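Peer 1:
2 protein chains.
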Amino acid sequence: MKVVKFGGSSLASAQQLEKVLDIVKADPERKFVVVSAPGKRDSQDTKVTDALIQYYKHYVAEKNVTADQEWIIERYQAMSDELGLKPKVMTKIAQAIKDLAKLPIQDNLFLYDSFLAAGEDNNAKLIAAYFNQNGLPAVYVHPKEAGITVTPEPGNAQIIPSSYDRIEKLRGYDEVVVIPGFFGVTAEGDICTFSRGGSDITGSIVAAGVKADLYENFTDVDGIFSAHPGIIKNPQSISELTYREMRELAYAGFTVLHDEALIPAYRGRIPLVIKNTNNPSHPGTKIVLKHSRNQQPVVGISADDGFVSITISKYLMNREIGFGRKVLQILEDLNIGFEHIPTGIDDMSVIIRERQLTPIKEEEILRQLTHKLEVDHAEIERDFSILMIVGENMKSHIGVTATAAKALSDKGINIEMISQGSSEVSILFVIKTAQKNAAIQALYEAFFPKN
Amino acid sequence: MKVVKFGGSSLASAQQLEKVLDIVKADPERKFVVVSAPGKRDSQDTKVTDALIQYYKHYVAEKNVTADQEWIIERYQAMSDELGLKPKVMTKIAQAIKDLAKLPIQDNLFLYDSFLAAGEDNNAKLIAAYFNQNGLPAVYVHPKEAGITVTPEPGNAQIIPSSYDRIEKLRGYDEVVVIPGFFGVTAEGDICTFSRGGSDITGSIVAAGVKADLYENFTDVDGIFSAHPGIIKNPQSISELTYREMRELAYAGFTVLHDEALIPAYRGRIPLVIKNTNNPSHPGTKIVLKHSRNQQPVVGISADDGFVSITISKYLMNREIGFGRKVLQILEDLNIGFEHIPTGIDDMSVIIRERQLTPIKEEEILRQLTHKLEVDHAEIERDFSILMIVGENMKSHIGVTATAAKALSDKGINIEMISQGSSEVSILFVIKTAQKNAAIQALYEAFFPKN
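Line order of the protein sequences matches chains A and B. Going by the numbering used here, 40 is the number at position 40 of the first sequence; the sequence numbering is gapless. Going by the numbering used here, 1256 is the number at position 256 of the second sequence; the sequence numbering is gapless.
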């Protein structure tokens, strides 16, 4: 039994929906379909979700919303017309879109979430109708009915664990079950959306709930590449990744799936595959708990920008019990998380994401280091990138660090910092952002040699 | 103007003292001589300091101390006889040794320090007399008279900064000034000893005080080797080291000078040279503030054993602001300092010295990590060594890491962790202790190739 999730670009037009129908029909195991809202048909187009945000803004400002409603309804209507659907489903959808403007504005914590969720919700209705009319018995199931109960945190709903038992009952349906992604329902019955990557989270939750054999996540790419295609021309695509590898890659710039979306499937021990709606015969990238066979040591190379280093020197620092803790305390009091803390004997650096800093926070950090901790020197250095080489199998390949360091040094790239060994899955380099692309090139050539 | 310090093995016998006289005479700039207590003449011998400890123990236990006194007096007497000194100095020394047994036992915080310090103090008297009798006008100056005022912390005296101005007045002497090392005098006039490396500290303080051009520290080795001679056969000796390099090497196993001894000279910007009393024509190892010329990238390779790693995993650890600080807080509450904290995304290791652990502390760490911080996994792994390659010039040699990693991997040595970049002076590897010697061999061959 498989859970299939389709992203917005896979559901943007009648033509795309035909591909979706073929995909679901092609495998009788595909019993659960989780859908996003219709995405852009072309680069000039507006996403339905963005149109709903406009609609919401006009509504709460008590402006006329007729044009907003009409644009959204027309968006669904066009698909319905092209697919030749019977009018019944569009009557329901149009009513649902209009009914949003009847929701109370005052003291309604969930108003924004209710507007947003309508994109997915109505698309699920339309798709279920389309499946039914084309020989694929299907049923639209609202998250409330599906049992997806969440915490009442608008825009950041968390699944309530008891939901899984209710979701499991969906296995009782004979038809294909079509569920809108991106939101759940609180215990009080309010619509509440997940954070970023919302429909992926729903797919992951449903897969865990129905104990799927596989969670198929259909996007518009042939899976995950071993390096960023904007930097490496035609990079290899990865056939198999572990959850740990995926998470390490996601940390430094790989954004195919948001890592929060992985948690329910990971905990439910459900393998996941990322496939391409436009090229369904491509095997895609499978994300598994454990590699099925011997892999090459490095599966992917990722990089992320926007890091700064707070470098601190103090003579005899390492004799001072509590020094490192106090440095982290200063940051924590300013609500700043750290990424890495490479340490020397009398030196310590704290790598943080630059977006966490403001001029006032910077000044405060340096002031406290100098006056409270009496350091000899403290400085904030900018324009660093983190480069990661990832692979569960690296541990058993002794020479990986040597190969990587040599590849970088041969290209004249200075390694500002290396952190290896805490995670068995990755080696992390800090380099100057100006050298990032050259560094990725060098590592890609070293670990993915052309045959 | 130079301050010369001689260690115990340089002062163990009349034969050794003759070498010392020759050394001081050879350079009229050698105006200040700091001396240790007489060391062992051979491996079966007893150090005077150890004999003084016995004497102290018997004295506080109210046992008969005559034999202790006689042994110590005889030790000086033998040297005096061999050197043909006039009896006057031995009369003073014998009285001083006997007078120790007149010091109050009750409420005397400084009794032990007074006994210990007698080894250096009386040796200084003897050496000053010897110099005088052999054509080198010299004067014995007690630390009280020299102005070496210290905090009243027995066994851990700290110099009081105002001392330096008084010490500077020693420049007024025309004679060679002979000062006993290892102790100062409190504001109340009590004898109080320094911590480990005590005579080196005195030399360093005097050098800073008299604003010496050079602090010559005479030992029984030809300076500092680039790697441990017990592991590398005939290692190169280092001609020039910076204070920072010295301190990094001292951290991981190089123990020629205790790092606390370096502080006054370092702060006074006095260069230091480590030389061999038994081979004074060897240039030794000079320790400077800044390299005088272009050095090879790596000056030394050091290693130290007895490290453990507390490895911690928690899914989404790096999203949790304050997590790292809380881990360090747990350790700090148990009075445990950390050495290094390599971090992955969901993983963190804390490297600590094993001697800081007890079974109860270990259990408490794991308990708190599991219950208070709710980690997914926490474990204490043992038998790690830290391996450091040190050199101020590494930063400008891009390939150093690559060379080191390749050398280790070629010998099949697994790098458990690397920390590079926080200190510009060193690269640190954590490896299994069982592979330490092979690792040092591999690195030595890589960075100190045979010509």
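Heads up, the beta-carbon is just placed ideally off N, CA and C, and yes, glycines get one too. Keep in mind it's a predicted model, so treat the numbers as computed, not measured.
Which residues of the stretch 1183-1216 of chain B have a Cβ closer than 8 Å to any Cβ of chain A? Give them in chain order.
Peer 2: The stretch 1183-1216 of chain B vs chain A, Cβ under 8 Å: nothing.
Peer 1: Mind pulling the chain B residues with CB within less than 7 Å of residue 405(A)?
Peer 2: Chain B residues near residue 405(A): 1401, 1402, 1405.
Peer 1: Taking 8 Å as the CB-CB cut-off, is residue 1385(B) touching chain A?
Peer 2: No, no contact with chain A.
Peer 1: With H, G and I counted as helix, E and B as strand and the rest as coil, what does DSSP make of residue 207(A)?
Peer 2: Three-state DSSP puts residue 207(A) in a helix.
Peer 1: Got a sec? Which residues, its chain only, sit under 6 Å from residue 205(A) by beta carbon, not counting five neighbours each side?
Peer 2: Closer than 6 Å at Cβ, skipping near neighbours: 159, 264.
Peer 1: Could you check the C-alpha separation between residue 1305(B) and residue 1248(B) for me, to the nearest Å?
Peer 2: Using only the alpha carbons, I get a separation of about 15 Å.
Peer 1: Decide if the stretch 338-354 of chain A is in contact with the stretch 310-329 of chain A; the criterion is three or more beta carbon pairs, one per stretch, under 8 Å apart.
Peer 2: Because the criterion of three Cβ pairs below 8 Å is met, the stretch 338-354 of chain A and the stretch 310-329 of chain A touch.
Peer 1: Looking only at C-alpha atoms, which of 279(A), 209(A), 367(A), 129(A) sits nearest to residue 266(A)?
Peer 2: Residue 209(A) is the option with its Cα nearest to residue 266(A).
Peer 1: What's the C-alpha gap between residue 1164(B) and residue 1441(B)?
Peer 2: Their backbone Cα atoms lie some 44 Å apart in a straight line.
Peer 1: Leaving out five residues on either side along the sequence, give the residues of the same chain with a beta carbon under 8 Å from the beta carbon of residue 1012(B).
Peer 2: The answer, listed in chain order, is 1038, 1039, 1040, 1041, 1045.
Peer 1: Going along the chain, which residues of its own chain have a beta-carbon closer than 7 Å to the beta-carbon of residue 166(A), five neighbours each way excluded?
Peer 2: Only 147 meet the Cβ criterion.
Peer 1: Ignoring anything shorter than 3 residues or poking outside the stretch 263-341 of chain A, list the beta strand (DSSP E) runs there in chain order.
Peer 2: Taking only runs of at least 3 residues, the beta strand (DSSP E) segments lying wholly in the stretch 263-341 of chain A are 272-276, 285-288, 300-313.
Peer 1: Quick check on residue 1235(B) - is its C-beta less than 8 Å from some C-beta in chain A?
Peer 2: Not one chain A Cβ lies under 8 Å of residue 1235(B).
Peer 1: In chain order, which continuous runs of the alpha helix (DSSP H) of length 4 or greater are located wholly inside the stretch 1128-1181 of chain B?
Peer 2: Listed in chain order, the complete alpha helix (DSSP H) runs (minimum 4 residues) inside the stretch 1128-1181 of chain B are 1143-1146, 1163-1168.
Peer 1: Among 185(A), 56(A), 48(A), which has the Cα closest to the Cα of residue 77(A)?
Peer 2: Here the closest residue by C-alpha is 48(A).
Peer 1: Do you know how far the Cα of residue 115(A) is from the Cα of residue 85(A)?
Peer 2: Straight-line Cα distance between these residues: approximately 25 Å.
Peer 1: Does the structure place the stretch 224-236 of chain A close enough to the stretch 177-189 of chain A that three or more beta carbon pairs sit under 8 Å?
Peer 2: No: fewer than three Cβ pairs fall under 8 Å.
Peer 1: To the nearest angstrom, how far is it from the Cα of residue 33(A) to the Cα of residue 277(A)?
Peer 2: Approximately 13 Å, taken between the alpha carbons.
Peer 1: Nearest to residue 354(A) by CA position, among 21(A), 66(A), 310(A), 131(A), is which residue?
Peer 2: Nearest C-alpha to residue 354(A): 310(A).
Peer 1: Contact between the stretch 230-246 of chain A and the stretch 273-290 of chain A is defined here as three or more beta-carbon pairs at a separation below 8 Å; is this criterion met?
Peer 2: With a cut-off of 8 Å, the stretch 273-290 of chain A and the stretch 230-246 of chain A count as touching, because enough Cβ pairs lie within range.
Peer 1: Just the C-alpha distance for residue 1262(B) and residue 236(A), rounded to the nearest angstrom, thanks.
Peer 2: Approximately 55 Å, taken between the alpha carbons.
Peer 1: What residues of chain A sit near residue 1340(B), judged by a beta carbon separation below 7 Å?
Peer 2: Going along chain A in sequence order, the residues near residue 1340(B) (Cβ under 7 Å) are 343.
Peer 1: Between the Cα of residue 446(A) and the Cα atoms of 409(A), 416(A), 363(A), 179(A), which residue gives the shortest distance?
Peer 2: Nearest option by C-alpha distance: 409(A).
Peer 1: If you draw a straight line from the C-alpha of residue 269(A) to the C-alpha of residue 141(A), how long is it?
Peer 2: Near 25 Å, if we compare the C-alpha coordinates of residue 141(A) and residue 269(A).
Peer 1: Go to residue 456(A), then tell me how far its beta strand (DSSP E) extends in each direction, as first and last residue.
Peer 2: The first residue shown for chain A is 1 and the last is 451, placing residue 456(A) beyond what the model contains.
Peer 1: State the start and end residues of the unbroken alpha helix (DSSP H) segment that holds residue 1079(B).
Peer 2: Segment 1066-1083, the alpha helix (DSSP H) holding residue 1079(B).
Peer 1: For the candidate residues 443(A), 133(A), 105(A), 202(A), whose alpha-carbon lies nearest to that of residue 258(A)?
Peer 2: If we check each option's Cα against that of residue 258(A), 202(A) comes out closest.
Peer 1: When the Cα of residue 1416(B) is compared with those of 17(A), 412(A), 427(A), which residue comes out closest?
Peer 2: Out of 17(A), 412(A), 427(A), 427(A) has the C-alpha closest to the C-alpha of residue 1416(B).
Peer 1: Any C-beta of chain A sitting closer than 8 Å to the C-beta of residue 1352(B)?
Peer 2: No, no contact with chain A.
Peer 1: I need the straight-line Cα distance from residue 1062(B) to residue 1109(B), nearest angstrom please.
Peer 2: Answer to the nearest angstrom: the Cα atoms are 17 Å apart.
Peer 1: What does a CB cutoff of less than 7 Å around residue 1128(B) pick up in its chain, not counting 5 residues either side in sequence?
Peer 2: So the list reads 1138, 1139, 1140, 1178, once near-sequence residues are dropped.
Peer 1: Per the contact definition of three or more C-beta pairs closer than 8 Å, is the stretch 367-377 of chain A in contact with the stretch 1371-1384 of chain B?
Peer 2: Cβ pair count under 8 Å is below three, so no.
Peer 1: Could you tell me the distance, in whole angstroms, from the CA atom of residue 30(A) to the CA atom of residue 9(A)?
Peer 2: For residue 30(A) and residue 9(A), the distance between alpha carbons rounds to 20 Å.
Peer 1: Considering only DSSP beta bridges, list what residue 1216(B) is partnered with.
Peer 2: Residue 1216(B) is bridged to 1004(B), 1273(B).
Peer 1: Can you give me the C-alpha to C-alpha distance between residue 1233(B) and residue 1216(B), rounded to a whole angstrom?
Peer 2: For residue 1233(B) and residue 1216(B), the distance between alpha carbons rounds to 27 Å.
Peer 1: Does residue 236(A) come out as helix, strand or coil in the three-state DSSP assignment?
Peer 2: Looking at residue 236(A) - three-state DSSP - the assignment turns out to be coil, as it is neither helix nor strand.
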